[in-house]
Every structure is written in structure tokens, then in C-alpha cells.
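Asker:
Residue numbers (the working numbering), protein chains in the order written: chain A, 30 to 514; chain B, 19 to 114; chain C, -7 to 89; chain D, 554 to 885.
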């Protein structure tokens, strides 16, 4: 009896079994975690090959098929997100080996791996799901595992932030669930295909609004961002990288998906979404300029970047729909890679210098040069300088906006870019100034193995920009962005 | 006045009450309870959607969904409460 | 005929419940309230169970109703005891709250 | 002539809403939890009225019973911690006031604005609800068609364990994630002493334990053809764990952690393995061969019930039993 295993099942079940094994055998957790990560990455590559060769793949679980059963579906967009998740996840895991090696961190080591693998199960599940109730369950898996990771360090600030995060997560998920209820009331089915071409009745508009607000709470869209900076800034470095690089993206992906299938909201509502995004860009920028600690600055820049992605959503008005969805997808990918690199680098800098107060970065005789270089590379992608992936995303956004005459969104993008230059410069200044060092300079910390993972991520954030064309054509496999042109 | 109408509006009212609580209440324990109220409200809407006039059997799928929702909610509640207890202990030791 | 007897039992059970509820709301302190509640609960539930049992068709249903009644009787007695004990220990005598 | 049941419905609905308001507005936290438990039980009653007995059972056992126990446990802990503080500060000793340090009070205006905002949302939802088709489209026909192939006779169990088994697996994963997170958050043997409850309570526990085991197993077994099933049965069995923990008949020890971990993952692992292994001979994952469907579903349900029972009891206990060095901070 041979078992037919599909790559999609593996992408979800391998991390799940890994989590179980890592929880059962705490001493071998790190090894199990790395093996599970590597195997999951293999499954994703296998899936990517399948999708590349034969287009979107569908797996009707239980053989029932939607709408009665639940289908898994992988198309270009989902595979790209899966690839982002496993690539970033693998590298963050490698650097977690180093970040959690301290003698007093045995508990963190023991719990990091099961929680992270459960998180991976949830994230991969989101990217393959085609059923809105299943999405609800998946975001709850993600929420619980993510809160567990947030409070890993066990400090009071982290637990406080974790509790706020938990409240926001539960409320967001419940709003989403209420939206699911309204979809069921109106349509009597829950699969994506059933949502397509539905008449926008009152119940469906309520459902869209509820789901959007719920997801906005989970992605921390301004003004619902209150929980994010504390949660991301107080977590340990690998957890911050996972939270900021991957967890937020899952909810963003759901917004992106639902926007394809749910009835089209009115232009005014879209403008409102864009305004919220613009508010996030401005407010996140201002707070990043005012932040006193490096990790807090990075966390606020996440708020700003997410706002930018929502601006891309909003610009997908009646005109240039496909283009701006692609821009949003590119920005999601770029932000995932670069922000993970940046949080890891910030963690490294904090570890080496002993603090992460931005004002005192230039007073330190210790200069973790490689981590600083990594930070700068990631910043280049986040600012959107060519040839990084962030540049391509912003370019696509502005090009589309100009083509369809939405000049105000171009202005917002520009302002956001300038602000990100400004707040990242605060950090660079600290890196590059030596005149305020009292002690003899010379304790430059050179290479460390721990820098390899973030550096790879940062180079990827830059280098992927050169491969934008293949990425874009891969994203289109299976027409995730609406009908075939 | 049919049961689905009455209980549907009840569910929405409970959801709204929970929402007010989740946004306005300061006490940590009470906020958890407010969120639980929201989830009961959402459960009402799904169960009402499943209801059919008596000779007909109700639709079982939303029932299964609500059961799932209840179990998910108790898990989330447990984590939130554990955080509250931990935070309380930390605050007590910090003040000591 | 059976219906009428059952209705009588259920109605008198309900009267006990109402009385118990009024007692819960009107009595001054926790012990009086417990007194009202337990009497009403014990007797009212028994009467209602009896009435429903008369209406029930199969022996299985009657058995389950009996099970419900006995489980509730034991649980409510224990709970009242615990409440009274706690109240006594924390010195709540005769306080009105 | 109105249907007498409508009066009942209206009264029940009104009391549910009133209890929801009351539980959020009552000052005392203990009263809040008690009101919430009443609220939950009445909601369960409403769901029985809407012919959803499975949901009512789950809500009564898990949504109200276990949640209520969790809330009470937390309140006990909070008051214990606050009591210790109060003694130290010499301010009234065993104050029963909630321990949460009251943060800066929010201005009334903000609260009113929030409430008005939520009211608007609620109003909008109500309008949308009234506009939605009543008794609209659903899965009725699809489920009815597929039931003979599901291996069970009760539609809700069929949906949970067969048609949407993937959701249910992930739901068990949520429980697993919760217990992992809770163990990560809290550790140590126990700080708040268990309340002393006396001989009557001990006797009750001795009497109730076997009965609860029987009821839980019955609920699990009957789930195949009547309301009941793994989650309800698991929650009832979890009550056994709660009783054992409360009577101190069982005290979690560091040495038991391995077994506990095994019990937590048992349901998830068995469910996932079965789901994967049935995928052979042209079948996909979760597609049970018809002749074994009932056996496999019962097997999964049994394992899941056991896991749920242990997990819920562990969530109630709420901390990983680790022996901590006396007086040392237990961070990291």
C-alpha cells in the first residue's frame, strides 16, 4: 500500500509533525525544527515546480470538493508567499540557533521551536486555503503561536505587549468570524468560488466590512496599529523577525485574496482604505523618527510599510486593477524579506553593543560592522532604492497610480519614501560617526556566523529586484489576480 | 416574529455589547469576557442561519462551525488568562 | 388524564421555583437566600422531573430524567454547602449584600 | 393569536441581552463571572430552541463550563497575588478587591464615543441581518446527499469528522498551540493555595468522578448517531481533571510532564496520521475508505477526546509543573 502524498499536504503537515516532535522531545527541539524547516522548504520547491509546469493545483480534501468539503489550491501567488515563508523561516531559524544559545535561555530554546513550527503550519495553511471559515481557524492558529513567541522572553514589557496583541488578535478574528456568518447568511456557502460574482447585497457588504476591519486589526493598519510596535519591539530578535516578516503578511494575503473574490466595494470605500494607508505611512514615519530604541524604530517602520501596501490596495480602483495588485504582492514579498533581515540585524546589534538606544549607538566603541551593513542593505530595500525588490514594488505602484491619474497616492508614496530615508538615516548616522567614542576605537567586531542569515536575507532583498520579471510572471500563474487577460 | 429573527437580533446585540466592552473596558479579566460575548454573538448568527422552519432539519454545517468556534475561543481565552496571571505576578514581584 | 397530572406536577414545580427566586431576591442575607433556593430547587425540580417523566414515552427517557434529577440534587446540595461554608468562614453572617 | 413559544423566545432573548449587559457592568468580578455563566447557559438554551443541540452541548460544557472555570481560577490567582501585596502594604489585609492596578481612567467622552461607534456598527449589522434572506441557501441538500458516504449517521459529526475534517484537525491544533503557549507563559508548581473545601466536597467528588467518566464516554460514543461527540465528551471528561486538581487528589509533578505532553499531542498526531495515511489508491488526504470510515472516525474521535480532556484540564491548571529554585526569579 503506497501513500499518495501531495506537496500541499506536506507543506502543512511537515511543520505540524515537526511541532509535535519538537514539543515531545524538548532536548532535540532545535535539530527537529531545522530538519522540519528544511523538509518543508523541499515540499514548497516541489510544489513550485508542479505549479510552474501545470498551472494552479487543486486538492479537494476528503474527496468531497467545495462547497461541501474544503479545497486546497496553490497558484502563483500562494506559492510565492509559501516560498517567502520557508526561505525567510529557514534563515531566521538558523539565526535563532545563535540568538537563543545563551545558558539562561534553555526555556526559550525549548518553546521557540514548537511554537514557531505551529506558526508555520498556520501560515502555510492560510496560503493554501480556499475556504473563509478555514481561514478563520488558521488565523487563530497563527495568533496563538504568535502570542507565544511574543512573550518568549518573559519580561514584563513583553508580557504586557503580548496581552495587548492577544486582545487585538482575538477581536480581529471574531470580527472575521462574524463576517463569515454574514457570508453564510447571504450565500449559504463559504468557499472562494462561491463568493465570486455574488451580488453586493447589504449582508455581503457588512461581511466585507467586518472581515476587512478584522484583518486590518491583525495587520495593524492605522489607526488599529496600537498593539504592533510594543509587541514587535519587545519580542526576542528571531521572534520579531518572524512576527514582522511573516505573521503580518498572512493577514495581508487574506485581504489580497478576498479582494479578488468578494464583491467590489465602492470607490469611496477604497479611498477610505487608501486614507488609512496614507495615515499609517505618515504616522508610522513620524513615530519612527521619534523612536528612541532601534527595535522600536524598526517596528514603527513596519506600520508605515503596511500602510504603503494598503495604499497599493486602494489604488486598485476600477483602473489598472491587475497592475496594482501585483504591486501590492511585490511589496509584501519585499517587505517580508527585508524586514526579517532588519530585525535580525537589529537583534545582532543589540546583542553586541548591549543596548539599542539609537542616540548612543555612536558612543559605543564596539561596532558590529557586518550587522550594521546588513541593516543598511535591508534599509535600502525598504526605502525602495534600485535595484531592490522594494524599488520594483514602489515603481509598479507609482506607475499604475500615474497611469490611472491617482496623483495623490503618488504623493503619499513619495512622502513615505522620504520619511523612511529620514528615519533610517538616524540609525546610519550612529553607525558611521566615530567622533563621539570615548574609548579607543578598534573593537570592531568583524565576522560572526550569526550574521550569515540576516546578510543572506538582506542580499536577497536587494538581489530579488533583478529577478522581478520572472517573479511577476510566476505570480500570474493560475490567474490569482482575477480573470485571464 | 419567528425565532430566527428574534435570536438573530439577540446575537447581533450581544456582539455589539461585547464590542463596546472590548474597546472601552479597562479591567483585563472583563475584557476577556467581553471578547467571549462577541464570540457568542457570532455563534448566534451562524446558528440562526442554519435554522429552518420546524419540519425541516437545520443545516448541520454551521453547527459544526460554531462548535469549532467555541473550542477555538476557549483556547484563546486560556492563553489570554495565562498572560493576565503572569503579568499580575510580574507586577507584584516588581513592586516588592 | 396523564397529561393533566403531568401538567399539575410541572405547574406546582414552577410555583416552587418562583417562590425560590423571590426568596433569592428578597431575603436579607446569604443564608436565608440559600435556604429559599435549596428548598425550591430540590422540590421544584423533583416535581418538574416527575411531570416530565410522566409525559416521556420510553423507559430510556424516564431513566435519563431520573439521572438528571439525581445528579442535580447531589450537585446542588454540595454547592449550597460550599457556598454556606465559604460564607461562614469569611464571616459574612447576616450581612446584606 | 401569537404562538406561546414566541413569548418564551422574547423573554429568553431579553434575558440573554440583559445578562450580557449586566456581566459587563457589574462591579464585582466574581459576580461578573457568575452572571456570565448564567448568560452562557441561557444561550445554550436558546440554541436548543433553534434545534442545535450539539452546539448547545458544546457551549454549555466548553464555552460556559470550562471558560467559567478558567475565569474563576484566574480570579482566585489575582486575588491571591493582590492579597499578598495588600498584606505587605498593611492596607486592610485580605482585601477582596480585584488586583488589577486600575490604569488612568478613560475619559467619559471617549467611552461614549466608542459606545456610539459600536452602536452604529451594531445597528448596521442589524439592518444587514434583516436584509439577508431568512432560511436562505445552505448546505442542506449537499449534506443530505453525502451522508450515506460519510460513515456516521449524525450530520454534525459527519461535517466535523469527515466533510470538514481539515477544519477540525486545525481546531485541535489550536488547542495544542494554546497549551504550548500556556506552558511557555507560566511555570512553577503552584502559588495560590487551593481553596479548602471540606469533606462534603470530597464525598461529592468521589461520587461524581465515575459518573462523569461514564457521561463523557457516552457522549463520545453517541456522537456517531445523535448529538454529542468528541468535543462535548472531551469537555465533560475534562471535568474529571478539574475535580482531581481541585480536590488535590492529583497534583501535577515535574515528572509527569512527559506523559502530559504525549497526551496533548495524541489527538493531533493520530488525526493527522490517519488523514495522511488514507491517501492511497486514488484517494486524497482525509478521504476515508467507506468500509472503514466509521472505525476510523471513532478512532480519531477517541484519541481527540482524550487529548481534549487532558488539554482542557491542563489549561485550567495553567502552568507547566516545573520545580523552581526557591526565591530565584524564574525568567527566561
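Where a beta carbon is used, it is the ideal one built from N, C-alpha and C, also for glycine. Treat the numbers as computed from the prediction; the structure is a model and nothing was measured.
Can you tell me which of A:492, A:278, A:390 and A:184 puts its alpha carbon nearest to the alpha carbon of residue 250 (chain A)?
Answerer: Numbered from 1 along the first chain, position 221 holds the residue referred to as residue 250 (chain A). Nearest C-alpha to residue 250 (chain A): A:278.
Asker: Of all Cβ atoms in chain A, is any one closer than 8 Å to the Cβ of residue 805 (chain D)?
Answerer: Within the fourth chain, the letter at position 252 stands for residue 805 (chain D). Chain A contact via Cβ: absent.
Asker: Determine which residues share a DSSP beta bridge with residue 158 (chain A) and list them.
Answerer: Counted from its first residue, the first chain places residue 158 (chain A) at position 129. Bridge partners of residue 158 (chain A): A:101.
Asker: Select from A:34, A:111 and A:140 the residue whose C-alpha is nearest the C-alpha of residue 61 (chain A).
Answerer: Within the first chain, the letter at position 32 stands for residue 61 (chain A). When each option's Cα is compared against that of residue 61 (chain A), the closest is A:140.
Asker: Considering Cα atoms alone, identify which of A:240, A:194, A:221 and A:184 is closest to residue 254 (chain A).
Answerer: Position 225 of the first chain, counted from the first residue, corresponds to residue 254 (chain A). For the residues A:240, A:194, A:221 and A:184, the minimum Cα distance to residue 254 (chain A) belongs to A:194.
Asker: Report yes or no: do the segment 679 to 698 of chain D and the segment 48 to 56 of chain B share at least 3 C-beta pairs separated by less than 8 Å?
Answerer: no
Asker: Below 7 Å CB to CB, which residues in the same chain sit around residue 22 (chain B) once its five sequence neighbours on both sides are set aside?
Answerer: Walking along the second chain from the start, residue 22 (chain B) turns up at place 4. Excluding sequence neighbours, residue 22 (chain B) sits near 66 and 69.
Asker: Anything in the segment 709 to 727 of chain D with a Cβ closer than 7 Å to a Cβ of chain A? List those residues in chain order, please.
Answerer: 715, 716, 717, 718, 719, 720, 723, 724, 726 and 727
Asker: Does the count of Cβ pairs from the segment 297 to 308 of chain A and the segment 325 to 345 of chain A closer than 8 Å reach three?
Answerer: yes
Asker: If you draw a straight line from the alpha carbon of residue 751 (chain D) to that of residue 62 (chain C), how long is it in whole angstroms?
Answerer: Residue 751 (chain D) sits at position 198 when you count from the first residue of the fourth chain. Residue 62 (chain C) sits at position 70 when you count from the first residue of the third chain. Rounded to the nearest angstrom, the two C-alpha atoms are 22 Å apart.
Asker: Less than 6 Å between C-beta atoms, sequence neighbours within five positions excluded: which residues of the same chain meet that for residue 493 (chain A)?
Answerer: Locating residue 493 (chain A) in the first chain gives position 464, where the first residue counts as 1. Taken in chain order, the residues that qualify are 418.
Asker: With 8 Å as the threshold, decide whether the Cβ of residue 21 (chain B) is near any Cβ in chain D.
Answerer: On the second chain, residue 21 (chain B) is found 3 positions in, with the first residue counted as 1. Yes, because at least one Cβ of chain D sits closer than 8 Å to the Cβ of residue 21 (chain B).
Asker: Does the separation of the CB atoms of residue 765 (chain D) and residue 788 (chain D) fall below 8 Å?
Answerer: Start at 1 with the first residue of the fourth chain, and residue 765 (chain D) comes out as number 212. Start at 1 with the first residue of the fourth chain, and residue 788 (chain D) comes out as number 235. Not closer than 8 Å, so no.
Asker: How would you label residue 610 (chain D), buried or exposed, when you count the other beta carbons within 10 angstroms and need 16 or more for buried?
Answerer: The residue labelled residue 610 (chain D) in the question sits at position 57 within the fourth chain. Its Cβ being crowded by 16 or more others within 10 Å, residue 610 (chain D) is buried.
Asker: Have a look at A:123, A:430, A:372 and A:446 and flag the residue whose alpha-carbon is nearest the alpha-carbon of residue 315 (chain A).
Answerer: Along the first chain, read from residue 1 onward, the residue named residue 315 (chain A) stands at position 286. Among A:123, A:430, A:372 and A:446, the Cα nearest to that of residue 315 (chain A) belongs to A:446.
Asker: I'd like to know whether the C-beta of residue 79 (chain C) is nearer than 8 Å to at least one C-beta of chain D.
Answerer: Against the third chain, residue 79 (chain C) aligns to sequence position 87. With 8 Å as the cut-off, residue 79 (chain C) does not count as an interface residue toward chain D.
Asker: Just the C-alpha distance for residue 82 (chain A) and residue 704 (chain D), rounded to the nearest angstrom, thanks.
Answerer: Locating residue 82 (chain A) in the first chain gives position 53, where the first residue counts as 1. Locating residue 704 (chain D) in the fourth chain gives position 151, where the first residue counts as 1. Their Cα atoms are separated by approximately 37 Å.
Asker: Using a Cβ-Cβ distance cut-off of 8 Å, determine whether residue 56 (chain B) contacts chain A.
Answerer: In the second chain, counting from the first residue as 1, residue 56 (chain B) sits at position 38. Interface residue, yes.
Asker: If the cut-off is 7 Å on Cβ atoms, which residues from the segment 558 to 589 of chain D count as contacting chain B, listed in chain order?
Answerer: 559, 562, 563, 566, 569, 570, 573, 574, 576, 577, 582, 585 and 589
Asker: Runs of 4 residues minimum, wholly inside the segment 249 to 324 of chain A: which ones carry the alpha helix (DSSP H) assignment?
Answerer: 257 to 263, 266 to 271, 277 to 290 and 296 to 319
Asker: What is the C-beta distance between residue 614 (chain D) and residue 785 (chain D), in whole angstroms, given that I count them as a contact (C-beta under 8 Å)?
Answerer: Here residue 614 (chain D) corresponds to residue number 61 of the fourth chain, with the count starting at 1. Here residue 785 (chain D) corresponds to residue number 232 of the fourth chain, with the count starting at 1. Indeed they touch by this definition, with Cβ atoms about 5 Å apart.
Asker: Let me see if you follow: with CB-CB separation under 8 Å, is residue 53 (chain B) close to chain D or not?
Answerer: Taking the second chain and counting its residues from 1, the one referred to as residue 53 (chain B) is at position 35. It does not; no Cβ of chain D falls within 8 Å.
Asker: Let me know the secondary structure DSSP gives residue 361 (chain A) once reduced to three states.
Answerer: What you label residue 361 (chain A) is simply residue 332 of the first chain in a count that begins at 1. Helix.
Asker: Residue 737 (chain D): buried (16+ other C-beta within 10 angstroms of its C-beta) or exposed?
Answerer: Locating residue 737 (chain D) in the fourth chain gives position 184, counting from the first residue. Classification of residue 737 (chain D): buried, given that the 10 Å Cβ count is 16 or more.
Asker: What's the C-alpha gap between residue 85 (chain B) and residue 79 (chain B)?
Answerer: If you number the second chain from 1, residue 85 (chain B) lands on position 67. If you number the second chain from 1, residue 79 (chain B) lands on position 61. Going by the C-alpha atoms only, they are around 10 Å apart.
Asker: Express the C-alpha separation of residue 104 (chain A) and residue 408 (chain A) in angstroms, rounding to a whole number.
Answerer: Taking the first chain and counting its residues from 1, the one referred to as residue 408 (chain A) is at position 379. Taking the first chain and counting its residues from 1, the one referred to as residue 104 (chain A) is at position 75. The alpha-carbon atoms of residue 408 (chain A) and residue 104 (chain A) are separated by roughly 30 Å.
Asker: For residue 856 (chain D) versus residue 824 (chain D), is the C-beta distance shorter than 8 Å?
Answerer: Along the fourth chain, one-based indexing puts residue 856 (chain D) at 303. Along the fourth chain, one-based indexing puts residue 824 (chain D) at 271. Yes; because the gap between Cβ atoms is below 8 Å, this pair is in contact.
Asker: State yes or no: is the C-beta of residue 201 (chain A) within less than 8 Å of the C-beta of residue 243 (chain A)?
Answerer: Residue 201 (chain A) sits at position 172 when you count from the first residue of the first chain. Residue 243 (chain A) sits at position 214 when you count from the first residue of the first chain. Yes, they are a contact pair.
Asker: Would you call the CB atoms of residue 74 (chain A) and residue 153 (chain A) closer than 8 Å?
Answerer: What you label residue 74 (chain A) is simply residue 45 of the first chain in a count that begins at 1. What you label residue 153 (chain A) is simply residue 124 of the first chain in a count that begins at 1. No, these two residues do not count as a Cβ contact at 8 Å.
Asker: Distance, Cα to Cα, residue 33 (chain A) vs residue 383 (chain A)?
Answerer: Residue mapping note: residue 33 (chain A) aligns to position 4 of the first chain, counting from 1. Residue mapping note: residue 383 (chain A) aligns to position 354 of the first chain, counting from 1. When rounded, the distance between both Cα atoms is 52 Å.
Asker: Determine the chain B residues that contact residue 189 (chain A) at a beta-carbon separation under 8 Å, and present them in chain order.
Answerer: Here residue 189 (chain A) corresponds to residue number 160 of the first chain, with the count starting at 1. In chain order: 105.
Asker: If we count the other Cβ atoms within 10 Å of its Cβ and call it buried at 16 or more, is residue 130 (chain A) buried or exposed?
Answerer: The count along the first chain starts at 1 and reaches residue 130 (chain A) at position 101. So residue 130 (chain A) ends up on the exposed side.
Asker: Determine, using beta carbons only, whether residue 106 (chain A) and residue 356 (chain A) come nearer to each other than 8 Å.
Answerer: Residue 106 (chain A) sits at position 77 when you count from the first residue of the first chain. Residue 356 (chain A) sits at position 327 when you count from the first residue of the first chain. It is not a contact, given that the beta carbons lie outside the stated cut-off.
Asker: Would you say residue 5 (chain C) and residue 34 (chain C) are within 8 Å of each other, going by their C-beta atoms?
Answerer: By one-based count along the third chain, residue 5 (chain C) stands at place 13. By one-based count along the third chain, residue 34 (chain C) stands at place 42. No, they are not a contact pair.
Asker: Taking the alpha-carbon of residue 625 (chain D) as reference, which of D:846, D:754 and D:587 has the nearest alpha-carbon?
Answerer: Working through the fourth chain from its first residue, we reach residue 625 (chain D) at position 72. When D:846, D:754 and D:587 are compared, the shortest CA-CA separation from residue 625 (chain D) is found for D:587.
Asker: Is residue 606 (chain D) helix, strand or coil by DSSP?
Answerer: Taking the fourth chain and counting its residues from 1, the one referred to as residue 606 (chain D) is at position 53. Helix at residue 606 (chain D).
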